[in-house]
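Comments concern the structure below.
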Amino acid sequence: MQTLKRLRSPKPLILTELKSSGRVLEILRETLDGLDGEVRRHILGLALFGSLARGEGNPRSDIDLFILTRGLSRGVERRRILYKALYPAVAKSRRDLTIVDVGVEELKSLRPSSLLLNIAYDAVIIHDPEGILRRLFKAIKETLRRYGIIRYRLPDGSYAFKPRDGGKMPRMVIQDWIR
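Reminder that position 61 of the sequence shown reads as 41 in the working numbering, one-by-one numbering, no gaps.
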C-alpha cells in the first residue's frame, strides 16, 4: 500500500506551478490527507486541472481533479466513493470539488472530448507513480501538435480547440495515445 508521503513525493511541481493560487497547496495536501488507505490504493493518478492549474483561479474557484483509478466500481458508484473520501477536506476550504474519474481499464474506450483535451492541456500532475497520466497527457498534446490543433479562449473565458488551418477537426483515436 502506498503511503501519503509517496503520494506527495514525486516532484515539488505544485509549489513551483501553483504558488500564485494562494491556499491551493494546503488544500491539496488536506485533500490527500483525506484519503483513507482503501481508496488511496485504487488511485493510480491524480491531476489538478482548470483555473487553479492554469494559475487563473480566484478565492471562489473550485478544485477540479482528474482521477485515474484501478479496481474501483464503475460510473456513479466510483464517483460516490471518491467524493466521499475527498470532499470532507475540500469542504473546509469553502471550495467546491469537481471530479472527473476514469478507470484505467476504460482508457482505451474513451472518446476524445473538449473536456479531456483541456484536462491534458492544463494538468498539474499530483500523483502518478506508474507514469500513466504523464504518458497519456504527453501523447494527447503531441497528437494535437501533429494535427495542427490549437487551443483558443472563448469570450466566456472557457477554452476550445480548432485546426490551425481552419479545416475540420480530425478524428483522433484514444488507442493511439495509450501504449
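Quick reminder that beta carbons are idealized off the backbone N, C-alpha and C, glycines included. Keep in mind it's a predicted model, so treat the numbers as computed, not measured.
Do you know how far the Cα of residue j is from the Cα of residue i?
i	j	result
R20	R59	14 Å
G146	R133	16 Å
P150	A140	14 Å
I(-6)	I79	Note on I(-6): pLDDT 39, under 50, position unreliable in the model; the coordinate value appears next. So the two alpha carbons sit approximately 18 Å from each other.
S89	G83	10 Å
L48	L113	8 Å
E86	G128	27 Å
R189	L124	Nothing about residue 189 can be read from this structure; the chain reaches only from -19 to 159.
Keeping to the same chain, check which residues put their C-beta closer than 6 Å to that of residue i; ignore five residues upstream and five downstream.
i	result
G2	Its pLDDT being 49, under 50, G2 is placed unreliably by the model, and the measurement read from it follows with that caveat. Contacts found: none.
F46	A27, F29, V80 and I99
Thinking C-beta only, is residue j closer than 8 Å to residue i?
i	j	result
H22	R50	yes
L95	I43	no
D81	L62	yes
S41	L32	yes
I130	K118	no
K121	Y101	yes
L66	L15	yes
Excluding sequence positions up to five away, which residues of its chain have a Cβ less than 8 Å from the Cβ of residue i?
i	result
A103	A27, L28, F29, A33, F46, L113 and F117
In its own chain, which residues sit with a C-beta less than 7 Å from the C-beta of residue i, not counting the 5 before and 5 after it?
i	result
K148	none
At 4 residues or longer, what runs of the alpha helix (DSSP H) sit wholly inside the region 89 to 158? 94 to 102 and 112 to 126
Would you check if there are 3 or more beta carbon pairs closer than 8 Å linking the region 24 to 31 to the region 91 to 110? yes
What runs of the alpha helix (DSSP H), each 4 residues or longer, lie entirely inside the region 54 to 88? 55 to 71
Where are the beta strand (DSSP E) runs, 3 residues long or more, that stay fully inside the region 14 to 59, in chain order? 23 to 29 and 43 to 49
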